[in-house]
Each structure stands twice: as structure tokens, then as C-alpha cells.
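Visitor: First, the structure itself, so that you have it in front of you.
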Amino acid sequence: MSEQTPLHAVERLRQHLHPIADLAAAAALLAWDQETYMPPDGAEGRANQLATLARLIHQRFVSAETKQVLEAAEGAAGAFDPDSDEAGLLRITRRDFDKITKLPTEFVAERARARAISTQVWREARPKNDFVTFRPHLEAMVDFARREAEYLGYTDHPYDALLDNYEPGMTAKDVRTLFARLREVTVPFVRAIAQRGPVVDAAFLSQDYDEAGQERFGLDVAQAFGYDLRRGRLDRSPHPFASGFGQKDVRITTRYNRQDPMSAIFGIFHEAGHAMYEQGVSPALERTPLSRGTSLGVHESQSRMWENLVGRSRSFWSHYLPRLQQVFPQQLRGIDVQTFYRAVNIVRPELIRVEADEVTYNLHIMLRFDLELALLEGTVTAADLPAAWNAKMQEYLGIVPPDDRDGVMQDIHWSGGSIGYFPTYTLGNVISVQLFDAAVRANPSIPGEIGGGEFGTLLGWLREHVHRHGRKFFAKDLITRATGAELSPESYLAYLQQKFGEIYGLGVPAAAGTR
Ligand code: ZN
1 MSEQTPLHAV ERLRQHLHPI ADLAAAAALL AWDQETYMPP DGAEGRANQL
51 ATLARLIHQR FVSAETKQVL EAAEGAAGAF DPDSDEAGLL RITRRDFDKI
101 TKLPTEFVAE RARARAISTQ VWREARPKND FVTFRPHLEA MVDFARREAE
151 YLGYTDHPYD ALLDNYEPGM TAKDVRTLFA RLREVTVPFV RAIAQRGPVV
201 DAAFLSQDYD EAGQERFGLD VAQAFGYDLR RGRLDRSPHP FASGFGQKDV
251 RITTRYNRQD PMSAIFGIFH EAGHAMYEQG VSPALERTPL SRGTSLGVHE
301 SQSRMWENLV GRSRSFWSHY LPRLQQVFPQ QLRGIDVQTF YRAVNIVRPE
351 LIRVEADEVT YNLHIMLRFD LELALLEGTV TAADLPAAWN AKMQEYLGIV
401 PPDDRDGVMQ DIHWSGGSIG YFPTYTLGNV ISVQLFDAAV RANPSIPGEI
451 GGGEFGTLLG WLREHVHRHG RKFFAKDLIT RATGAELSPE SYLAYLQQKF
501 GEIYGLGVPA AAGTR
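Mapping the sequence shown onto this note's numbering, position 88 (from 1) lands on 88, and the numbers just tick up by one.
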């Protein structure tokens, strides 16, 4: 009796959760391997392994024992400051427990198996432009998503149940409101840029650049940002990603195109941003449900900050262009900073989301959001999707892909059943600017430091206000605490208009300051 102090109760909960976190890390490592090194015929066995792990994780987490240790710890919750790690652990474990217990174990295991097979089919079908082979797997993924939404429950729209997995508390209605505001500014802005015409000849970036040089430069910069290679590594995969197995092993991948070196280089900056977030989580949260990013929107804000606000800035290239020229002296001879800066910031509708510029990027997300809503509502089926995709491309970007490979099959997400996920990319863009502005307000030296190849002040601010907390605070609260304001698209829109208005000689449209 006397040994059951509040700290003891939380410690018991923590001990109970440790092996569950270990199993989840093992499953994540198997998934990482599937994307990087696993031979194609390993897919069947891997699907079984992932299904077994998903079953074990689910069974342990929804068990009577979890319920009992969680309730015991909650009985002691009054002893903890709401900002403490203990209170955070109780808050998040309760949220996860209430959600995950709504899903039957067999559903979770069966879905894990189907996802592993489906991504493997996608991986092989995409290069062959073979939507027909992929289609039944996509249908199955949509069906799993619908069933999950029914199990979890929702008030307005099944989408809300799924989005909440990635962006806790956010709804389709919130996304619609945000997207309407972004569209209102972006669409005329893209049109004005198109009318202005090209301001730079970027042909020098389409020469032959060897992969080793791309990798060396990308990793040098990622380390300068603060990505710790003692706790990370870089590999190749068809779709770049970051994956962590605790904060001491957070890996990234990229893909290389010899005729487009900036794709891999910005890809490495991007994934390093994700990885630094997880490397920066407080060690005290290790092996608990708190030891990762709080939401995918906040996660994406970290990748987009390093990729765009740092990596696509003029001051960054004033320092790093001479270094890139050392790696590729022939290809970049005589290129000045202004030319390079404009070349890596060309605004032009593209087929591929991950290659999109900062201005048109969110239009790719709006398209996917519209289609996901329609899939869940049943107004569009998997069979309709290629045509629906092309129609939306025409509507939002004014271009149509020549095939499904660079159209509906371009992203890995739907193949893995991640439906309700895409809006977090746009949220990430929005949050990245709000956080960056707050960091610069607190430390006006940051832009100058970036021009000197120094990133420690920015990283330190992010560590303090974002990274170390892991999942302890919900995204909404984290943003308010870090920036002193609620999430809003206005600083993001002002940033886009200022940066690209200057590059394209447009000035800042009058509408920018009115809201
Ligand atoms: Zn990302």
C-alpha cells in the first residue's frame, strides 16, 4: 500500500509500455527494411511478420493489464503538473487506449498483412504503369479505411476519424476552411507568376551530376543542420522517408536522379528535418508512446523548415553554392548565387508532388484531399480514380499526366492504406513558417547565421520548443506555446507572397495584408 506512490504508479505504467514500444520499433524496422533492402519475393513472409507483430502489439496494448495500470496511474494524476512528463504520459496513453480498443485485433493484424502486400504490388506496378494490377489492393485499402472509420466513430464525416490518427483533433471541416483560404490567395498568385514568365534559365541543373557527389553534399549539409549520424544513416528507397526506432536510431532515405541533383539534395534536407525532430525527443520519453512527433503536421513542419525556409533561401546558398561548386565544378562553373537561388525556386505546375515548388505544392494536396473524401463517400471508386485524378490535375494545376505512373500511382501512401494523411503536408507548410517566424523573433540573429552556415541557434530553439516534448502536448497546444498564437495560414501566405513576389518581380499583392 505505502509503496504505491503516484510516481510508482506511473513507473509501473511506463514499465508496462516499454515492451510494447519495443515491438512497435521492431515492426518499424521491418517496414524500413521492406522499403530499402528486402528482395521482392520477401514480401509474403514480411507481410506475415508484420501481421504477427501488429497482433501482438494490439493485444498487449488493449489488454486488461494496460487498463488496470493506466487506471491506477490516473488515480494518482492529481499529483502531477499538467506540463510534466508523467501527466503527458497519462494523457496520451489514455487517448491511444480509448481509440485503439475500438479496433478488433484481427482487423489490425489482417490490415497490417494486406498493407505489406499492397505496397509491394504498388512498388512493382508503378514502374510498369500497371494500375490494373494495383487496383484490387487499392480497393482493399479504401475498404479498410471505411471500416476503421466505422469502428472509431465520428460525428460529421468518416474522414474525421482517420485524420485524427495523424493530426489529433483536426476535422475535414477545419481542413476545408484552411484550404479555402490558401486557394483564395494561391490560385491568382500562380496565374500572375505564369503570366510573368520565366526569370531564369535553369538548364544547368539538368546536366549529368554523379550520385556520389549528390549524396556527399546532401549529407554534409544535413550534418551541419544537426542530423547526428551516430544515431542515423542514409539509404535509398523508391519513395524517400524517415523512420525512427527510438531517438538513438533515426534513419533517412532518398532517391537519386543524375539529371536532377536537387531532387536528392532537397530530399535529404527534408528527411533530415524529420529525423532531427525524433533525435531531439527527450531521452526521458524513450520507449513510451511519447517518443515521437506529436502529429504529422508538426513533423512535416520540421522537414519543410529545413528543406525550404533554410535550404531554399538565398542566404543559405550564399554560403553553400561555392561548396556545391567544389563538388560539381564543371556543371556549375560561372553560376552566381542569384541565378542558383532563382533556379531552385522556379514556380511551375509539375506532375509530381514531391518535386513541386513551394507555391503550387498545396494544390497537389487539395487534389488528394478531394479524392479521399470522394472515396470514403463512395462517389468515386478505385476504378474511377485514374480519370478522376487527371480531371483534378487539370482543374488545380492545368496539366494532365501522360500515364498513371506519374499520376494516380505516384505516392506510396494509398498503397499502404494511409488515407486521411495528405492534409498534414499542407499543415506542415503552414506550421513551418509560423514556427520559423517565432524562432526569428526570439533570435533575430538566425537569418544571418544561416548565411554563415551556422544553424545551432535555430536547432536549439526547435529542440527547446518542439523536439524535446515528443508527443507530450497536442499539436494545437504545442503551436500556441511555441509561437504565442493559434495556428493560422497568414504568416505562411505572407511568406510565399513576399519571397516569390520578389523573385518574379510582382511586388506583394494588396490582398496579402487584409486578413
Ligand atoms: Zn515529409
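Beta carbons are placed, not taken as given, at the ideal position from N, Cα and C, and that holds for glycine.
Would you be able to state if there are at least three C-beta pairs under 8 angstroms between the region 277-295 and the region 468-477?
Guide: yes
Visitor: Quick one: give me the first and last residue of the alpha helix (DSSP H) that R236 is part of.
Guide: Premise fails: R236 lies in the beta strand (DSSP E), L234 to R236, not in any alpha helix (DSSP H).
Visitor: Alpha carbons only, please: which of L50, S313 and A194 is nearest the one belonging to L30?
Guide: The residue with the shortest Cα to Cα distance from L30 is L50.
Visitor: With DSSP run on the structure shown, which of helix, strand or coil describes I412?
Guide: Of the three classes helix, strand and coil, the one that applies to I412 here is coil, per DSSP.
Visitor: If you follow the beta strand (DSSP E) that T254 is part of, which residue opens it and which one closes it?
Guide: V250 to T254
Visitor: So, using beta-carbon positions, are V108 and I419 closer together than 8 angstroms?
Guide: no
Visitor: How long is the line joining the alpha carbons of Y495 and P188, rounded to whole angstroms?
Guide: Between Y495 and P188, the C-alpha separation is close to 16 angstroms.
Visitor: Quick one, are the C-beta atoms of T105 and Q59 less than 8 angstroms apart?
Guide: yes
Visitor: Do the region 7-17 and the region 73-81 make contact, defined as three or more Cβ pairs closer than 8 angstroms?
Guide: yes
Visitor: What residue does the alpha helix (DSSP H) around A439 start on, and which one ends it?
Guide: Per DSSP, the continuous alpha helix (DSSP H) segment holding A439 begins and ends at P423 to A442.
Visitor: Starting from the Cα of A242, find the closest Cα among H270, D174 and F179 and give me that residue.
Guide: H270
Visitor: I need the boundaries of the alpha helix (DSSP H) containing G451, first residue and last residue.
Guide: Annotation: the continuous alpha helix (DSSP H) that includes G451 extends over I446 to G451.
Visitor: Using CA coordinates, which residue listed in L397, T457 and V408 is at the minimum distance from A388?
Guide: V408
Visitor: Report whether the distance from the Cβ of H270 to the nearest heavy atom of the ligand ZN is below 7 angstroms.
Guide: yes
Visitor: Spell out a yes or no on whether the region 34-50 and the region 117-125 are touching, meaning 3 or more CB-CB pairs, one atom from each, closer than 8 angstroms.
Guide: Verdict: yes, contact present.
Visitor: Can you tell me whether E355 sits near the ligand HEM, meaning its C-beta is under 7 angstroms from at least one heavy atom of the ligand?
Guide: The ligand HEM is absent from the structure shown, which contains only the ligand ZN.
Visitor: How far does the alpha helix (DSSP H) with G244 in it reach, from first residue to last?
Guide: No alpha helix (DSSP H) holds G244; the beta strand (DSSP E) holding it covers A242 to G244.
Visitor: Would you kindly report the start and end of the unbroken alpha helix (DSSP H) that includes T457?
Guide: G456 to H465
Visitor: Among V440, Q15, F134 and G244, which residue has its Cα nearest to the Cα of R405?
Guide: F134
Visitor: The ligand ZN and E300: does any heavy atom of the ligand fall closer than 7 angstroms to the residue's C-beta?
Guide: yes
Visitor: Rounded to the nearest angstrom, what separates G246 and V344 at their Cα positions?
Guide: 34 angstroms
Visitor: Hey, V200 and R342: beta-carbon distance below 8 angstroms or not?
Guide: Contact check for V200 against R342 passes: the beta carbons are separated by less than 8 angstroms.
Visitor: Is it buried or exposed, P19, if we count other Cβ atoms within 10 angstroms and call 16 or more buried?
Guide: Exposed, by the Cβ-count rule.
Visitor: Counting C-beta neighbours from all protein chains within 10 Å, is the total for L290 16 or more, i.e. buried, or is it exposed?
Guide: For L290, the number of other beta carbons within 10 angstroms of its own is at least 16, and it is reported as buried.
Visitor: Would you say the beta carbon of S303 is closer than 7 angstroms to some non-hydrogen atom of the ligand ZN?
Guide: yes
Visitor: For the 8 angstroms Cβ check, are there 3 or more pairs between the region 420-433 and the region 356-372?
Guide: yes
Visitor: With a threshold of 8 angstroms on Cβ separation, who are the neighbours of T36 within its own chain once the five nearest residues in sequence on each side are excluded?
Guide: D235, R236, S237 and T253
Visitor: Report all residues from its chain with a CB closer than 7 angstroms to the CB of P447; omit the five preceding and five following residues, and keep chain order.
Guide: Correct list, in chain order: S315 and V440.
Visitor: Is there contact here, the region 142-154 with the region 319-338, by at least three beta-carbon pairs under 8 angstroms?
Guide: With a cut-off of 8 angstroms, the region 319-338 and the region 142-154 do not count as touching, because too few Cβ pairs lie within range.
Visitor: Using CA coordinates, which residue listed in G507, E372, N129 and D260 is at the minimum distance from R146?
Guide: E372
Visitor: Check whether the region 428-435 and the region 380-396 touch, using three or more Cβ-Cβ pairs below 8 angstroms as the test.
Guide: no
Visitor: Could you check the C-alpha separation between S415 and H137 for me, to the nearest Å?
Guide: 7 angstroms
Visitor: Apart from the five residues just before and just after T288, which ones in its own chain have a Cβ nearer than 7 angstroms to its Cβ?
Guide: R14, L17, A21 and L89
Visitor: Suppose the cutoff is 8 angstroms on Cβ atoms and the five residues either side in sequence are ignored; what does the same chain contact list for L417 look like?
Guide: With the sequence shown as reference, residue 417 is identified as Gly, and Leu is not the correct amino acid for it. These residues qualify, in order along the chain: R111, A114, R115, S118, M141, F144 and A145.
Visitor: Can you give me the start and stop residues for the alpha helix (DSSP H) that E286 sits inside?
Guide: The continuous stretches of alpha helix (DSSP H) do not include E286, and DSSP gives it neither H nor E.
Visitor: Using a Cβ distance threshold of 8 angstroms, determine whether the region 219-235 contacts the region 159-170, with at least three qualifying pairs required.
Guide: no
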